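So the sequences go chain by chain: G and R. My numbering numbers the first residue of the first sequence as 1 and each following residue consecutively. My numbering numbers the first residue of the second sequence as 1001 and each following residue consecutively.
There are 2 protein chains.
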Amino acid sequence: MNDRFLKACRREPVDATPVWFMRQAGRYMKAFRDIREKHSLLTVCKTPELACEVTLQPINRFDFDASIIFADILLPLEPMGLKLEFVKGEGPVIYNPLRSEKDVEALKPVVPEESLAYVMEAIKLARANLNVPLIGFAGAPFTLASYMIEGGASRNYLYTKKMMYGAPETWNRLMMKLTRVLADYLSAQVDAGAQALQVFDSWIGALSPGDYRTYVFPHMKRLFSALQAFGVPLIHFGTGTATLLQMQKEAGGDVIGLDWRVNLDEAWDHLGHEVAVQGNLDPLTLFGPISELEKRVDDIIRRAGKHPGHIFNLGHGILPETPLESVEAVIQMVHEKSAKILAT
Amino acid sequence: MNDRFLKACRREPVDATPVWFMRQAGRYMKAFRDIREKHSLLTVCKTPELACEVTLQPINRFDFDASIIFADILLPLEPMGLKLEFVKGEGPVIYNPLRSEKDVEALKPVVPEESLAYVMEAIKLARANLNVPLIGFAGAPFTLASYMIEGGASRNYLYTKKMMYGAPETWNRLMMKLTRVLADYLSAQVDAGAQALQVFDSWIGALSPGDYRTYVFPHMKRLFSALQAFGVPLIHFGTGTATLLQMQKEAGGDVIGLDWRVNLDEAWDHLGHEVAVQGNLDPLTLFGPISELEKRVDDIIRRAGKHPGHIFNLGHGILPETPLESVEAVIQMVHEKSAKILAT
Chain G
1 MNDRFLKACR REPVDATPVW FMRQAGRYMK AFRDIREKHS LLTVCKTPEL ACEVTLQPIN
61 RFDFDASIIF ADILLPLEPM GLKLEFVKGE GPVIYNPLRS EKDVEALKPV VPEESLAYVM
121 EAIKLARANL NVPLIGFAGA PFTLASYMIE GGASRNYLYT KKMMYGAPET WNRLMMKLTR
181 VLADYLSAQV DAGAQALQVF DSWIGALSPG DYRTYVFPHM KRLFSALQAF GVPLIHFGTG
241 TATLLQMQKE AGGDVIGLDW RVNLDEAWDH LGHEVAVQGN LDPLTLFGPI SELEKRVDDI
301 IRRAGKHPGH IFNLGHGILP ETPLESVEAV IQMVHEKSAK ILAT
Chain R
1001 MNDRFLKACR REPVDATPVW FMRQAGRYMK AFRDIREKHS LLTVCKTPEL ACEVTLQPIN
1061 RFDFDASIIF ADILLPLEPM GLKLEFVKGE GPVIYNPLRS EKDVEALKPV VPEESLAYVM
1121 EAIKLARANL NVPLIGFAGA PFTLASYMIE GGASRNYLYT KKMMYGAPET WNRLMMKLTR
1181 VLADYLSAQV DAGAQALQVF DSWIGALSPG DYRTYVFPHM KRLFSALQAF GVPLIHFGTG
1241 TATLLQMQKE AGGDVIGLDW RVNLDEAWDH LGHEVAVQGN LDPLTLFGPI SELEKRVDDI
1301 IRRAGKHPGH IFNLGHGILP ETPLESVEAV IQMVHEKSAK ILAT
């Protein structure tokens, strides 16, 4: 069993820096595209054998140090009562977005072990076939709320911020309901075998520091308090978070995710070395020549230095058109370069 | 003549903090929508009487302390040889995006006084009718290059970064061509009567600090060196720039634009008070109740304190559906609240 990833989460010494990529089970792999040609995204998520198969694809093909269960952050929205579809070329669409107090009150309670049982089944299947740790995950309340309120992806978060500013009680009610569902959902994932958890607050960078503090922080703190009881490492991820990192750390997480907009050493110094960090290669650098890619991997490994607790990752999910050679090269470079530094 | 804005740009004492809004001539005003119902965006830009008329609309209706000439950052791309159209609901589309060295070499030199004469005409007309300073503007090389290469707005800047990493000579050639066109274009705007200049590097927040330093900074430094000779205040604006601000200041500008993702006092302390700052209200707060808006205006005015050199603005352009009452309220609050603080 390769335990570099779990050791790094706990800031224990490792022989080489562990590496995995967000969305590593994805369209950049032909094996994944083959499955997606035959099945919709929701079908793959809801069929444990298929979800397990795509979870394993990158592990069987590359030298990744961790796997992440194949699922979508929006899955818990269905049992809550939202009509969800993934429209080709458009991304997720929610046909009955939340706009009023009544909409929020009408959300249904969720028993994840029942309505999301397929995720737990996929986790169990994957665990039985893996020799690297398996990460479970969920979207964070703000990021999920933004989809629920906007009805899909958003540029300006108009309706989300309208509710935040104009109906803060409705907003808080929604965030509380989401926090509860997510805590239960992540608990069920750990029961099923997830060995670490990542909370994706992908769109949190849309908020000012003041708004994060007022409208999001209390809920994230509550969520992480609940997750802490599960006894597995917790990764707290977002993008565009340069001015939110300190509050994210305060909210919780053993590992703080960093995107490429911050220099890893400066961000880690700012956070303090009592947390681990994950990141932070720009996924677009994988489209450049290997020589350029090497400079950037070098830079990140050098900035991480000998501090225990660095997990190498991209700053956001890998893109569909990414060349396989780049993926392979990065993993090898991370292992080799970090092993040299850590051995000195 | 109201000269609060120009005084603040030069960090001279003012009686009250000047305020203007990016995209203040825009769809949130009925008078603007009426004109746009009859004429396309490009027609309004290219008809000096219409461009002047919409430039004046917000000045006649609100107590703004500065005006900005109505134009689009993409206008200089047409004489460079790109086929540009604004498609309803989609935004700008460029039908012949740049992808190769040959494409970049084929770009045509631009004499702004000729091919963009309509902008200078609009500036002259507007100046004759204004009692507040008139700002000229242009997009920054990176932001314009991203549109030229992607063929429109972009989420990931795939082709832009591919060129940056994979063909840095082509990239630098493009940036140099753009820098030259933009310097000439802004020079012509000053000759026509623009009393200050804003450079919009709106999408620069997509880059890591290291990539900004390598691929953008040298060009921005060259651009601002050229602009400095024109003798008018220079505003250097971007979004998502929390980790780029220091380099932006080093590149140039009398005023650094701040978006809402940074706290104004922290960003200004970080930059140093030898530059002025502009910002930084989240444009979405204008959709909230006036009482919430007031808290946020209060907070920004309080953070700016008594330091000379704060220009109040949004962190990005005002949105089409923004309520007029909020615009009116913010301007009044800024003037009243700042006057009280500055008088003590």
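Using N, Cα and C, we set each Cβ at its ideal position, and we do this for glycine too. Since the structure is predicted, the reported quantities are computational estimates derived from the model, not experimental observations.
- Per DSSP, the unbroken beta strand (DSSP E) holding G:Q198 starts and ends at 196 to 201.
- Around R:D1201, the same chain offers A1140, F1142, T1143, F1237, G1238 as residues with beta carbons nearer than 7 Å, after the five sequence neighbours per side are excluded.
- Comparing C-alpha distances from G:Q332 to each of G:E274, G:G317, G:R180, G:F312 shows the shortest one belongs to G:F312.
- For G:H270, the enclosing alpha helix (DSSP H) begins and ends at 264 to 271.
- Non-local beta-carbon contacts of G:E85 in its own chain, meaning distances under 6 Å to residues more than five positions away in sequence, involve V93 in chain order.
- Taking R:L1178 as the centre and dropping the five residues before and after it, the same chain places the C-beta of P1141, L1144, A1145 closer than 7 Å to its C-beta, in chain order.
- Ranked by Cα distance from R:Q1195, the options R:V1044, R:V1181, R:R1127 are led by R:R1127.
- Per DSSP, reduced to three states, the secondary structure at G:Q278 is strand.
- According to the DSSP assignment, R:G1166 belongs to the alpha helix (DSSP H) that extends over 1158 to 1166.
- In terms of beta-carbon proximity, G:K162 lines the interface with chain R, with at least one pair separated by less than 8 Å.
- Taking a cut-off of 8 Å on C-beta distances, the segment 215 to 225 of chain G does not touch the segment 1265 to 1276 of chain R, as fewer than three cross pairs fall below it.
- When Cβ pairs closer than 8 Å are counted between the two stretches, the segment 1283 to 1291 of chain R is seen to touch the segment 161 to 176 of chain G, the count reaching three or more.
- Counting only runs of 3 or more residues that sit fully inside the segment 93 to 159 of chain G, the beta strand (DSSP E) segments are 134 to 139, in chain order.
- Against chain G, the CB of R:P1133 has no partner CB under 8 Å away; the residue lies outside that interface.
- Within the same chain, Cβ atoms closer than 8 Å to the Cβ of R:L1197 are found at I1135, G1136, F1137, A1138, L1186, Q1189, V1190, L1227, F1230, V1232, P1233, L1234, I1235, the five residues on either side in sequence being excluded.
- DSSP places R:F1237 within a strand segment (E or B) once states are collapsed to three.
- Sorting R:S1040, R:R1180, R:F1062, R:T1043 by C-alpha distance to the C-alpha of R:V1132 places R:F1062 at the top.
- Taking 7 Å as the Cβ-Cβ cut-off, the segment 252 to 271 of chain G approaches chain R at W260, R261, V262, N263, given in chain order.
- Here R:C1009 has A1196, P1233, I1235, D1254, V1255, A1276, G1309, I1311 as same chain residues with Cβ atoms under 8 Å from its own Cβ, once five neighbours each way along the sequence are excluded.
- About 6 Å separates the beta carbons of G:L82 and G:M148, which is inside the 8 Å limit, making them a contact pair.
- When secondary structure is reduced to three states using DSSP, R:F1086 falls in the strand class.
- Nearest CB-CB separation between G:P320 and chain R: not below the 8 Å threshold.
- One alpha carbon belongs to G:V111, the other to G:R155, and they sit about 32 Å apart.
- The beta carbon of R:T1017 sits no closer than 8 Å to any beta carbon of chain G.
- G:Y147 does not reach chain R, its nearest Cβ partner there being about 16 Å away, counting only Cβ pairs nearer than 8 Å.
- The criterion of a C-beta distance shorter than 8 Å is satisfied by R:G1166 and G:G288.
- Within chain R, the residues whose beta carbon sits less than 7 Å from that of G:N156 are L1284, L1319, listed in sequence order.
- Contact with chain R is absent for G:A304, since none of that chain's Cβ atoms lies less than 8 Å from the residue's Cβ.
- By the neighbour-count criterion, in which a residue is buried when 16 or more other Cβ atoms sit within 10 angstroms of its Cβ, R:S1208 is buried.
- Here the C-alpha atom of G:K88 lies approximately 35 Å from the C-alpha atom of G:I300.
- Residue pairing from DSSP leaves G:F217 without any beta-bridge partner.
- Along the segment 1231 to 1245 of chain R, the positions whose C-beta sits under 7 Å from a C-beta of chain G are G1240, A1242, T1243, read in chain order.
- At a C-beta separation below 8 Å, R:E1292 has these neighbours in chain G: Y165, G166.
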